[in-house]
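Just so you know, the sequences run in chain order A and B. Letter 122 of the first sequence, counting from 1, is numbered 131 in the numbering used here, and no numbers are missing. Letter 102 of the second sequence, counting from 1, is numbered 100 in the numbering used here, and no numbers are missing. Virtual Cβ for every residue (Gly too), placed ideally from N, Cα, C. For reference, the structure is listed below as structure tokens.
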Amino acid sequence: MPATGFLPRSAFDRLIGALVQAGYRCVGPQVRDGTIIYDTLQATRDLPYAIRDQQQPGSYRLEDSDAARCFAWANGPQALKPLLFRPHEVLWQAQRHANGSLRFLPATADAERVAVIGARACDLAALRLHDQHFLESTVVDPGYQARRAGLFLVAVHCTHPADTCFCASTGDGPRATQGFDLALSEQDDGFLVEAGSEAGERIAARLPLESASAAKSQAADAEIDAAARRQTRRLPSRDLRDALFARLEHPRWQAVAERCLACGNCTSVCPTCFCHREQDEPALNGNTSSHTRDWDSCFTQGHSYIHGLTVRADTRTRYRQWLTHKLGGWHDQYGRSGCVGCGRCISWCPVGIDLTEEVAALLGEAAHG
Amino acid sequence: MADPYVPLEAEVVERVQESPGIFTLRLRLTDPQAHAAYRFLPGQFNMLSLYGVGEVPISIVSDPEDEQMIDHTVRAIGRVTRGLARLQAGDRLGIRGPYGRGWPLAEAQGRDIAIITGGLGCAPTVAAINYVFRRRARYGRLTLIQGVKHSDDLLWRQRYQAWAQAPDTQVLIAADRAGPAWPWHVGGVTELFAQARIEAGRTLAMLCGPEGLMLAGARHLLGRGVAAEAIWLSMERSMHCALGHCGHCQLGPLFVCKDGPVFRYADIGQYLDVRGL
């Protein structure tokens, strides 16, 4: 899509103003506790200016950089997942009356309008997968639907991939191509702005946009193309379904299980992992009980617990479940791989397990290019 | 649209102790309109919700044409089912459903039916057996094979005895260990497979129980020439939502809650062989 215009850096706060005026709470990336997380954004000065992330298997570090930019970094642990698929959510409440009768009350959907500034291409691809899962499969998830309906997305094309990124090989980045209302290409002096929806056009119309020169557009495109070329990690194919399901008894599953702590970090930071458990939390008054949903992980013992036995009793079968679902089962379920190449599971794994390396070993190939 | 996660209130109309650890709850939705509108197919299941404790998936054993009651036969084995075991007539609980794909009773019309079950695996097939007996002329021969660990574990003994007397029906039951006056086989249920009078080309099979038993049953049927497409298995996995959202029930690429729980062997046989999948 051609650029709508150029927003000078000096006018960047006008974007937040326009979104707030349109009724959105703005959320944007900010440095917190040594990483970059999404939180309410009051002003663009709170964005991670001149900050660079150094990511390696099992390592995430922020450093100062000399880039005069707010988005010269790849990603933090969160993606968009917690904004829509809440880590903890009440699904319904039960009331028990004195005569023993029960009343079940649905949770009131929180219909807040939220605008996210800084969504990455990989995160938009993951959001598309969660839309399929929570909105377009058999039943609609009401809470997700309400939050999704109020979401406005300002994407930023990725120009600074981390060493752990491999979105180019999954086809999900570094350029944001779908699912955004506005997309930004950051330059030192400002932002090329393109609209991806009518809502985005309405916000763009309120910004003091200058015309975008062809030279600026070309320079921005060149940066994104270079970002794709800089990625060294890759998956050997976008469809590994048959290859993985043909290797369910491969010795590599045991080899990776000997390193894996089964902590579930990978599933927490994965922007597409959707597993959650439901449980009841009765109040001490004895009359009300909340039925809640919390993120779950296929690495826990409880995940496959069934009337007295655990189907996946060891780490070997749990890692196998995670990888064969992520790269295999998703094709049957939602028509593509469940991996968007963000690399978070690699960086946030405390022992540095790299799924691209595991796949290469399973397939008997070299991991890097 | 109603929130798909929220249960309806049901009342326990009757509680039947079937065996020391197994009981049946006969339920009625307290909203008469909801109860009248409730429909299910044999092989489907409900989520039962015990106040303050949790939800569990339980198959429906009553007859789909019984408009009085929705029956669930439950083994008291986990945190929720041990709590459900304490419910008495008049107590309330939550229920939502029915969920999943049931037995292929339309596809089975005009064919012989072989049902192989083990332990409480017989429960999800009882509704199908009743369904067939109500429409006996539409189906061919019926073969029922059920295995239990101990003869005292056999549920619905009188029903099995009555079915054994019915025309065009063969009943084969085995107990690994048996008490006195046990009229059936003592030993493994797989030892009875060879006695089943099965005509491979006419037979549709329904299997439910421990996966090892289902695998053995399916292999025996395949060996006798029954097509993998005509062998159906009811699978069990952890389930929290029953809506295809929570991810617990995955078996390979399948969601047992919505793609099953009843599957063709042709579609899942490859996953049954793999431990811990």
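- For the region 131 to 148 of chain A, residues whose beta-carbon sits nearer than 9 Å to a beta-carbon of chain B comprise 142, 143, 146, 147, 148.
- Nearest to residue 79 (chain A) by C-alpha distance, out of A:19, A:87, A:26, A:239, is A:19.
- When only Cα atoms are considered, residue 16 (chain B) and residue 128 (chain B) end up about 18 Å apart.
- For residue 269 (chain B) and residue 50 (chain B), the gap between their C-alpha atoms comes out near 36 Å.
- At a cut-off of 3 residues, the continuous stretches assigned as beta strand (DSSP E) that sit fully inside the region 2 to 45 of chain B are 6 to 17, 20 to 27.
- Less than 8 Å divides the Cβ of residue 201 (chain A) from the Cβ of residue 15 (chain A).
- Collapsing the DSSP output to three states places residue 360 (chain A) in coil.
- In the DSSP assignment, residue 289 (chain A) is bridged to A:300.
- For the C-beta of residue 326 (chain A), the chain B residues within less than 8 Å are, from N- to C-terminus, 273, 274, 275.
- Counting other Cβ atoms within 10 Å of its Cβ, residue 236 (chain B) reaches 16 or more and is therefore classed as buried.
- Between residue 50 (chain A) and residue 40 (chain A), the gap from beta carbon to beta carbon reaches 8 Å or more.
- Residue environment analysis places residue 117 (chain A) among the exposed positions, since fewer than 16 neighbouring C-beta atoms fall within 10 angstroms of its C-beta.
- Taken in chain order, the complete alpha helix (DSSP H) segments of 4 residues or longer contained in the region 208 to 252 of chain B are 209 to 221.
- Excluding the 5 residues flanking it on each side, residue 190 (chain B) has same chain C-beta neighbours closer than 7 Å at 143, 170, 172, 183, in chain order.
- For residue 157 (chain A), the uninterrupted alpha helix (DSSP H) run begins and ends at 151 to 158, by DSSP.
- Put simply, the CB of residue 236 (chain B) is near chain A, with a gap under 8 Å to one of its CB atoms.
- C-alpha of residue 357 (chain A) to C-alpha of residue 68 (chain A): approximately 7 Å in a straight line.
- Straight across, the Cα-Cα distance linking residue 257 (chain B) with residue 275 (chain A) is about 27 Å.
- From the beta-carbon of residue 5 (chain B), the residues of chain A found nearer than 9 Å are 101, 103, 111, 113, 300.
- If you look at residue 321 (chain A), you'll find it isn't in any alpha helix (DSSP H); DSSP assigns it neither H nor E.
- Our two residues, residue 153 (chain A) and residue 101 (chain A), have alpha carbons roughly 14 Å apart in a direct line.
- Neighbours of residue 25 (chain B) across chain A, judged by C-beta separation under 7 Å, do not exist; the nearest C-beta is about 13 Å away.
- Not a single CB atom of chain B sits nearer than 8 Å to the CB of residue 343 (chain A).
- Bounds of the beta strand (DSSP E) holding residue 48 (chain A) are 44 to 49.
- Counted as a single uninterrupted DSSP element, the alpha helix (DSSP H) harbouring residue 232 (chain A) occupies residues 223 to 239.
- Closer than 8 Å to the CB of residue 227 (chain A) there is not a single CB belonging to chain B.
- Residue 86 (chain A) places its beta carbon less than 8 Å from that of residue 278 (chain A).
- Counting along the chain, the unbroken alpha helix (DSSP H) around residue 213 (chain A) starts and ends at 207 to 213.
- At a Cβ-Cβ threshold of 8 Å, residue 188 (chain A) and residue 131 (chain A) do not count as neighbours.
- From the beta-carbon of residue 49 (chain B), the residues of chain A found nearer than 7 Å are 103, 105, 111, 298.
- Contact annotation: the region 114 to 130 of chain B touches the region 28 to 42 of chain B, with at least three C-beta pairs closer than 8 Å.
- For residue 308 (chain A), no chain B residue has a Cβ inside 9 Å of its Cβ, as the nearest lies near 12 Å away.
- Residue 118 (chain A) carries a coil assignment under DSSP once its states are collapsed to helix, strand and coil.
- Under the three-state reduction of DSSP output, residue 130 (chain A) falls in the helix class.
- For residue 194 (chain A), no alpha helix (DSSP H) segment is defined; the enclosing uninterrupted segment is the beta strand (DSSP E) at 191 to 196.
- With respect to the C-alpha of residue 118 (chain B), the residue from B:166, B:159, B:7, B:148 having the closest C-alpha is B:148.
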